[in-house]
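Residue numbers (the numbering used here): 3 to 152.
Built from N, CA and C at the ideal position, the CB exists for glycine as well.
Remember, predicted model here, so these are calculated numbers, not experimental data.
Everything below concerns the one structure shown next.
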Amino acid sequence: MERQRLTVQFAKLDSRAVLPTQGSASAAGWDLYAIEDTTVPKGSSVTVRTGWACAIPEGWEGQLRCRSSLGKKGMIMPNGVGTIDADYRGELMVLATWIGEGETFHVAAGERIAQMLFAPVPEVTLVETSIDELGVTDRGTGGFGSSGQF
């Protein structure tokens, strides 16, 4: 199966910025690098600079995700996945929260801090309707563990 091709323009905002890289030819994400040393205090959220802005084509989004190696240590993104909209032109920043052992986590300049994935965004039309018109499912209104996965 041939993969869809996408061209995304990146503009360097800081001379220390490293162009995002893929860990392998089949990697889904592009690694983003921190441009400066950053300390993340336990339980706090800090933005980590990448030094890049980009132009994601209309109909696409960028998804910023935590690198699994950092997540294993306790560095997470408090919003889970950060969305970069096609019309955003500011610096790509990674929101980082430290929940691991120790009072702080140190991000070194040049360290891979997150991954950026690109995903299509369909054109969506929302239509207001009544609850009865939504239809009946086996699950119904059950949520938050109702499927027995809690």
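Discussion item. I'd like to confirm the pairing. Which residues does DSSP put opposite Leu15 in its beta bridges?
Written reply: Answer by DSSP bridge pairing: none, since Leu15 is not bridged.
Fill in: Coil, strand or helix - Gly53 by DSSP
coil
Worksheet item: Going by C-alpha distance, which of Leu34, Asp16 and Leu15 is nearest Gln24?
Response: Leu34
Fill in: Nearest-angstrom Cα separation, counted from Gln117 out to Met79
11 Å
Discussion item. Can you find the residues in the same chain that come closer than 8 Å, C-beta to C-beta, to Glu93, ignoring five residues on each side of it along the sequence?
Written reply: Leu15, Arg51, Thr52, Gly53, Trp54 and Ala55
Worksheet item: Which residues mark the beginning and the end of the beta strand (DSSP E) in which Gly84 is found?
Response: Val83 to Ile86
Fill in: Beta-carbon proximity check, Thr49 vs Leu97, cutoff 9 Å
yes
Item to complete: With distances taken Cα to Cα, identify the nearest neighbour of Thr41 among Gly104, Arg18 and Leu8.
Response: Gly104
Worksheet item: Helix, strand or coil for Gly76 per DSSP?
Response: coil
Item to complete: Would you kindly work out how many angstroms separate the C-alpha atoms of Thr9 and Met95, rounded to a whole number?
Response: 20 Å
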